[in-house]
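S.K.: Chains as they are written, first to last, in the working numbering: chain A, 1 to 587; chain B, 1001 to 1570.
Where is the CB? At the ideal position from N, CA and C, for every residue including glycine.
Just so we're clear, the structure is a prediction, and the values are computed from it rather than from any experiment.
Below: one structure in structure tokens.
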Amino acid sequence: MKGASNPKVLPVVARLWRYLSRRRAVVLVAFLVMLLSNLLALVVPMLSGAAIDAIGTKAGGVNFPAVFSNCFWMLICYAASAFLSYLLSLMLIHLSQTVVQSLRQDIFQNLMRLPVSYFDKHPVGNIISCICYDVDTIGASLSTDLIQICTSVITVLGSLVMLLILSPSLSMVMLVTIPVTTLFSRWQMKRMHPLFRRRSQKLGELGGLMEESVTAGRTVATYACEEAMLRRFERKNIEAMDAYYEADAKSVLLGPMVNFINNISLAVGSVLGAMLCLAQQLTLGAVSSFVLYSRKFSGPIREAANIVSEIQAAAAAAERVFRLMDEAPEAPDKKNALPLSDVEGNIGFEKVSFHYNEGEEVLHDINIDIPKGSIVAIVGPTGAGKTTVVNLLMRFYDVQSGKITVDGANIQEVIRRDLRMAYAMVLQDSWLFSGSVYENIAYGNENATLEQVIAAAKAAKIHQHIMSLPQGYDTLLEDGGQNFSKGQRQLLTIARAMLIDANMLILDEATSNVDPNTELEINEAMHRLMKGKTCFVIAHRLSTIENADLILVMDKGRLVEQGTHQELLQNHSFYYKFYCEQFKKYK
Amino acid sequence: MEAIGVYIKPYWLRIAAGLVIKFLGTIMDLIIPWLLAYIVDDLMPAENILAIFQAGGLMVLCSVIALTFNIKANRMAAGISREITQKLRYDLFEHILYLPARERDKFTSSSLISRLSTDTYHVHQLIEKSQRIGIRSPLLMLGGILFAFQLEPKLATILLLIVPLLALVILTITRRGIPLYTSTNEKIDQLVRAVRESAIGIRVIKALSKADREVDRFRTINEQVRDASTAAETTMALTAPAMTFLLNSGFLLVILLGAIAVNAGDTQPGKIMAFLSYFTIILNAVLSIRKIFVLWSKGSASAQRISQVMSTPREMPLGARDYIEHRPFISFENVFFSYNKKVDNLQGISFSLQKGQTLGITGPTGSGKTTLISLLMRFYDVDRGCIRIEGENLRGIHTNQLRRRFGAVFQNDILLADTIYENISFLRDLPIENVKKAARTAQIADYIESLPQGYDTRLDMRGANLSGGQKQRLLIARALAADPEILVLDDALSALDYRTDAALRRAIREEYGQITVVMVSQRISAIWDADLILLLEDGRLVDAGTHEKLMNRCESYRKMVQVQMGGIAQ
């Protein structure tokens, strides 16, 4: 019944056991309690057999004291067994919930260590399905199936021992039944494994689609293409349900089959018992006990057979869970990685080339030298690779050739956390989370006081709006700040960046959705934010670009020109054209 | 649960058929111990060896029938529950797609996702398992009781005394369980939200090295989920020992009363033995029924959450047709609107626009620009006043028909993890020529064609492998691809450089001549050549007119222009 038959299941089970063994004491106590309560359950048929023997077969011949005393002990056993079984379920619930929680925690923990590229490639709905459905399946299996298996094994073994004591010849029947049942279950499990794996996988895919389409709800409504989205959904839905059914339809075989084997053995056993009784080898009470014991088999065995499918579902789920947990995290820092502290902000690019997909070079042979404290504007047509530069600076992605240095140190050689902490940044898509306004602003600096947060919000000109909210700074952002307009979200992230104590700053279209008046109002604050820092600014707004110490002009992944505004204008080349076009617009 | 009942109803015949098959199989299961008693009580004393073998053979036959029937019935149950769940999930999904924006906001995406996945799953479990054990177990119990009655009516009455007690226990506990499962599911919503947010914000989290904090945040929610489900399960776990103990006490009574009856010569011990064997069956059946109640409490908590969504009015209500002739193409007539019904987000907005014109909407952050176009596309209904398109009040137009006239790029539009073609065509099966034309107009065709797989190139999640400008241009191509009458662009050009921006505008005019454009922008430069410019401030229309007119008469507009263009104009 253990599934040890399947070589792929074994490591999964072993790994699950590691989670259980963290609560070894509880497992042990639970095991003992279960043993005890099962022993009690086994004693009862003996007592009832004795009671029936005491009743005898003749009217007036009942041995009442014996009946009473047996019944009394039975009552004690029942009460004790009820108590123990409740205790046991409490422990099992505790165990399974603890495992569920640790599994979820570990998945999430690893998730946060995965490289950014993982999230660019995998639907979050699929991850959610793994954390919710798959872990849940494991938990359900642990809390009910584990105990069922143990109970079944113990009941069956115990009953077998009792049978052996009662009548070795009768128990021969069971010695046939058990191996046959086991063999059948093993065969069945081997057959089922791929089906259950598919079931988990398909549910995950459906989850991915559901997440994406619920997120895209507004867009779907805009184009009134609900019908088409439904068809898309229906395909995945049918696939998932078919996979579910396939596994189901095959696994329902097991329960009735095991029941059948058991029934047959009962038929053979009773005929045999009758013969033995006629041959004066057995008492009537012994035959009755036999009947009870063998009925005792059927319950647990059938239950066990029924949950084999659940265990397999759990094993398949666990496989998926562990696969997600085993996704390679960001390459760990090199052994002798250097700490990076008191960054001055001298940055260099040396022959940097980079591509996301093989054969589609996004950056080619970039060489830049940026002294500390300078404001660097990156300009160029969209798709020129500007955002990629940010991805590389912060090591969201690693360069394939060449190197980027900070204060002379290759960023591949420094501790990644230190590198990232050396930046403050405002990115294109302002990300807020479902917490209070205060928490969102203080996100980059947990030690920030309310005063500092308010000061930052004031500087970012979002204070007034915050105060107009019903709970001010304690207002909760709904569903990732959907109750803020895009411009307001940007202002919040700017306030967030103001509280971060770092010597380098990245502004990637930081104010693209902020209205120009507000932008002007926060101008001074932005200058203060940028002061003394090495700043990378990606913007289309001229005013920002003009004042930059260094303008990098990028086109099609190449650094075509660099210099100050004046220098570049004198060159009359790419930047000049670029600049003039904007100028022309307003004439 | 009633909402789910509707889904089960069409299947009642098949469910009944499955029930009958299961019933027959179960009868076989019940006959076997009866045959046993017959062997022990009647055939053994009579020493009728042939009859014993015959009875044994009959037991084998019963086993075979039980096997085939049970498998058949289980398969049917799996099939029926698959179909019901598939339909339920489909309808729920459909309902969510058509949910008005206001309701959608209320539920939140994360909760809708968890209702679609976790809750439908629990209902599936309930329907399937209760068919499997829910028919077999009550039958076993009922049959067990009947056989017991037939065997020895006096002893069997003890069972009838226990049944109401059992019912009381299970019902009381289940009633307490349902709200506990509901609150567990609500915690799961938060878990889903945490995972979604962290996945989407991974760049910020990594940049600020906040992974630890996210893990802590997740831990808090994770622990809440654990506690909530522990509370629910602990409550439900009480049922098993309580019911077993009650039944076992009955078992004891049977032995005691049986002893008295045997002593009085009213019954034989063989009957008590058979009786006890039925008792075991009944006990197992009751324990199985208990499982259904556990599933029930879980399932009905989920069913409630599903029907909460399903009972929300789908789509905006369609009002009576309200048509006035000779109206401009688009007109707003004294429109008021509030999201929370407390503070007005738009107040007394009136303006009109002719077909083929360009409307520019500008104003500070949070002044109601996006709200205005949300109303125009009827994602929300106005509180007062009305909006008309070609004289038709929006309230009287079917939303599907209304929205087909629009192409729009919103601030939070997303790209699908699918091909570029599919992202532009966006499920509308548009001909490739239309898609290419739209891409050309949106100034993204060159880029697409430079890719090795062109329009078949697959995008990453939310278009993560594109730059901000590329994303916006794809979204614009999407908006144009179906040749809409009205193009709505909500700050949709903000990430474009000026050259691309200008080329794009020119191309729209050239390629889609008669299109009416509604453009929201913070920047005067983006809208200054519009036929009509609306300047919004705090939800009020400060002024409306052309650039020249506003320059002449509107002080705030002049100030804005000065601020924005001041540095460049000279």
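Along chain C, in chain order, which residues have C-beta atoms closer than 9 Å to that of residue 1179 of chain B?
M.R.: In the structure shown, chain C cannot be found, because the protein chains are A and B.
S.K.: Assign residue 1379 of chain B to buried or exposed, taking buried as 16 or more other Cβ atoms, counted over all protein chains shown, within 10 Å of its Cβ.
M.R.: Position 379 of the second sequence, counted from the start, is the residue given in the question as residue 1379 of chain B. Buried, because 16 or more other Cβ atoms sit within 10 Å of the Cβ of residue 1379 of chain B.
S.K.: Using a Cβ-Cβ cut-off of less than 7 Å, give me the residues of the stretch 1117-1128 of chain B that come near chain A, in sequence order.
M.R.: 1117, 1118, 1121
S.K.: Check residue 215 of chain A in the structure and name its three-state DSSP category.
M.R.: Taking the first sequence and counting its residues from 1, one reaches residue 215 of chain A at position 215. Note: residue 215 of chain A maps to helix in three-state DSSP.
S.K.: What separation, rounded to the nearest whole angstrom, lies between the Cα atoms of residue 1409 of chain B and residue 1442 of chain B?
M.R.: If you number the second sequence from 1, residue 1409 of chain B lands on position 409. If you number the second sequence from 1, residue 1442 of chain B lands on position 442. Their backbone Cα atoms lie some 12 Å apart in a straight line.
S.K.: Hey, how far is the Cα of residue 97 of chain A from the Cα of residue 1232 of chain B?
M.R.: Taking the first sequence and counting its residues from 1, one reaches residue 97 of chain A at position 97. Taking the second sequence and counting its residues from 1, one reaches residue 1232 of chain B at position 232. Each residue's alpha carbon lies about 11 Å from the other.
S.K.: So, with DSSP's three-state summary, where would you put residue 337 of chain A?
M.R.: Walking along the first sequence from the start, residue 337 of chain A turns up at place 337. The answer is coil: DSSP assigns residue 337 of chain A none of H, G, I, E or B.
S.K.: To the nearest whole angstrom, what separates the beta carbons of residue 395 of chain A and residue 419 of chain A, a pair I think is in contact under 8 Å?
M.R.: Within the first sequence, the letter at position 395 stands for residue 395 of chain A. Within the first sequence, the letter at position 419 stands for residue 419 of chain A. That belief holds up - the Cβ atoms of residue 395 of chain A and residue 419 of chain A are roughly 6 Å apart, short of 8 Å.
S.K.: Considering only their Cβ atoms, is the gap separating residue 534 of chain A from residue 503 of chain A smaller than 8 Å?
M.R.: Against the first sequence, residue 503 of chain A aligns to sequence position 503. Against the first sequence, residue 534 of chain A aligns to sequence position 534. Yes. Within cutoff.
S.K.: Quick one: give me the first and last residue of the beta strand (DSSP E) that residue 1333 of chain B is part of.
M.R.: Translated into positions along the second sequence, residue 1333 of chain B becomes position 333. Here the beta strand (DSSP E) through residue 1333 of chain B covers 1330-1337.
S.K.: Would you mind stating whether residue 1419 of chain B and residue 1469 of chain B have Cβ atoms separated by less than 8 Å?
M.R.: By 1-based counting over the second sequence, the position of residue 1419 of chain B is 419. By 1-based counting over the second sequence, the position of residue 1469 of chain B is 469. No; because the gap between Cβ atoms is not below 8 Å, this pair is not in contact.
S.K.: Just to confirm my understanding: we take residue 1095 of chain B, look at its own chain, exclude 5 residues before and 5 after, and list those with CB closer than 7 Å. What are they?
M.R.: Counting from 1 along the second sequence, the entry for residue 1095 of chain B is found at position 95. Only 1309, 1310, 1314 meet the Cβ criterion.
S.K.: Helix, strand or coil for residue 538 of chain A? Go by DSSP, reduced to three states.
M.R.: Position 538 of the first sequence holds residue 538 of chain A. DSSP places residue 538 of chain A in strand when its eight states are reduced to three.
S.K.: With a threshold of 8 Å between beta-carbons, can residue 1408 of chain B be considered close to chain A, or not?
M.R.: Numbered from its first residue, the second sequence carries residue 1408 of chain B at position 408. Judged by the 8 Å Cβ criterion, residue 1408 of chain B is in contact with chain A.
S.K.: Taking C-beta to C-beta, are residue 254 of chain A and residue 314 of chain A nearer than 8 Å?
M.R.: If you number the first sequence from 1, residue 254 of chain A lands on position 254. If you number the first sequence from 1, residue 314 of chain A lands on position 314. By the CB criterion at 8 Å, residue 254 of chain A and residue 314 of chain A fall outside the cutoff.
S.K.: Pop quiz: residue 30 of chain A and residue 91 of chain A are said to be a contact at Cβ under 8 Å. What is the actual Cβ separation, rounded to whole angstroms?
M.R.: Here residue 30 of chain A refers to the residue found at position 30 of the first sequence. Here residue 91 of chain A refers to the residue found at position 91 of the first sequence. Contact holds; Cβ gap of about 4 Å.
S.K.: Flag this pair as yes or no: are the beta carbons of residue 1357 of chain B and residue 1457 of chain B separated by less than 8 Å?
M.R.: Working through the second sequence from its first residue, we reach residue 1357 of chain B at position 357. Working through the second sequence from its first residue, we reach residue 1457 of chain B at position 457. Cβ distance not < 8 Å, so residue 1357 of chain B and residue 1457 of chain B don't count as in contact.
S.K.: Specify, as a first and last residue, the run of the beta strand (DSSP E) that residue 1408 of chain B falls within.
M.R.: Here residue 1408 of chain B refers to the residue found at position 408 of the second sequence. Per DSSP, residue 1408 of chain B belongs to the beta strand (DSSP E) from 1406-1409.
S.K.: Return yes when at least one heavy atom of the ligand PLP lies under 7 Å from the C-beta of residue 278 of chain A, else no.
M.R.: This structure lacks the ligand PLP; in fact it carries no ligand of any kind.
S.K.: Report the residue from B:1134, B:1137, B:1118 whose alpha carbon sits nearest the alpha carbon of residue 136 of chain A.
M.R.: Here residue 136 of chain A corresponds to residue number 136 of the first sequence, with the count starting at 1. Nearest C-alpha to residue 136 of chain A: B:1118.
S.K.: Please report the residue range of the alpha helix (DSSP H) in which residue 1514 of chain B lies.
M.R.: In the second sequence, counting from the first residue as 1, residue 1514 of chain B sits at position 514. Unbroken run through residue 1514 of chain B: none, as it is neither H nor E.
S.K.: Does residue 1206 of chain B come out as helix, strand or coil in the three-state DSSP assignment?
M.R.: On the second sequence, residue 1206 of chain B is found 206 positions in, with the first residue counted as 1. Reduced to three states, the DSSP call for residue 1206 of chain B is helix.
S.K.: Got a sec: which bits of the stretch 197-214 of chain A sit with their beta carbon under 9 Å from any beta carbon on chain B, in order along the chain?
M.R.: Those residues of the stretch 197-214 of chain A that come within reach of chain B (Cβ to Cβ, closer than 9 Å) are 203, 206, 207, 208, 210, 211, 212, 213, 214.
S.K.: When Cβ atoms are compared, which residues of the stretch 1230-1241 of chain B fall closer than 7 Å to chain A?
M.R.: Taking 7 Å as the Cβ-Cβ cut-off against chain A, the residues of the stretch 1230-1241 of chain B that qualify are 1230, 1233, 1234, 1237, 1238, 1240, 1241.
S.K.: By how many angstroms is the C-alpha of residue 415 of chain A removed from the C-alpha of residue 1490 of chain B?
M.R.: Against the second sequence, residue 1490 of chain B aligns to sequence position 490. Against the first sequence, residue 415 of chain A aligns to sequence position 415. The straight-line gap from Cα to Cα measures roughly 41 Å.
S.K.: Could you confirm whether any beta carbon from chain B is found closer than 8 Å to the beta carbon of residue 217 of chain A?
M.R.: Against the first sequence, residue 217 of chain A aligns to sequence position 217. At least one chain B Cβ lies under 8 Å of residue 217 of chain A.
S.K.: Residue 1066 of chain B versus chain A: which residues are under 9 Å apart at the beta carbon?
M.R.: Numbered from its first residue, the second sequence carries residue 1066 of chain B at position 66. Correct list: 256, 259, 260, 263.
S.K.: Tell me whether the beta-carbon of residue 378 of chain A lies closer than 8 Å to the beta-carbon of residue 554 of chain A.
M.R.: Position 378 of the first sequence, counting from 1, holds the residue named residue 378 of chain A. Position 554 of the first sequence, counting from 1, holds the residue named residue 554 of chain A. A Cβ-Cβ contact shorter than 8 Å links residue 378 of chain A with residue 554 of chain A.
S.K.: Output yes or no for whether 8 Å exceeds the beta carbon distance between residue 1126 of chain B and residue 1092 of chain B.
M.R.: In the second sequence, residue 1126 of chain B corresponds to position 126, counting from 1. In the second sequence, residue 1092 of chain B corresponds to position 92, counting from 1. Going by beta carbons, residue 1126 of chain B and residue 1092 of chain B fall outside the 8 Å limit.
S.K.: How about residue 371 of chain A and residue 346 of chain A: do their beta carbons lie closer than 8 Å?
M.R.: Here residue 371 of chain A refers to the residue found at position 371 when the first sequence is read from its first residue. Here residue 346 of chain A refers to the residue found at position 346 when the first sequence is read from its first residue. Cβ atoms of residue 371 of chain A and residue 346 of chain A: closer than 8 Å.
S.K.: With residue 355 of chain A as the anchor, note down where its beta strand (DSSP E) starts and where it stops.
M.R.: As a position in the first sequence, residue 355 of chain A is number 355, starting the count at 1. That run of the beta strand (DSSP E) goes 347-355.
S.K.: Which chain A residues sit within Cβ distance under 9 Å of residue 1268 of chain B?
M.R.: As a first step, residue 1268 of chain B is located in the second sequence; it is residue number 268 there, counting from the start. Within chain A, the residues near residue 1268 of chain B are 57.
S.K.: For residue 460 of chain A, which option in A:514, A:46, A:94 has the closest C-alpha, if you only look at C-alpha atoms?
M.R.: Working through the first sequence from its first residue, we reach residue 460 of chain A at position 460. Of the listed residues, the one whose Cα sits closest to residue 460 of chain A is A:514.
S.K.: Helix, strand or coil for residue 1522 of chain B per DSSP?
M.R.: In the second sequence, counting from the first residue as 1, residue 1522 of chain B sits at position 522. Three-state DSSP puts residue 1522 of chain B in coil, outside helix and strand.
S.K.: Can a CB atom of chain B be found closer than 8 Å to the CB of residue 132 of chain A?
M.R.: Counting from 1 along the first sequence, the entry for residue 132 of chain A is found at position 132. Taking Cβ atoms only, chain B reaches closer than 8 Å to residue 132 of chain A, which makes this a yes.
S.K.: If you reduce the DSSP assignment to three classes, tell me which class residue 548 of chain A lands in.
M.R.: Locating residue 548 of chain A in the first sequence gives position 548, counting from the first residue. The three-state secondary structure of residue 548 of chain A, taken from DSSP, is coil.
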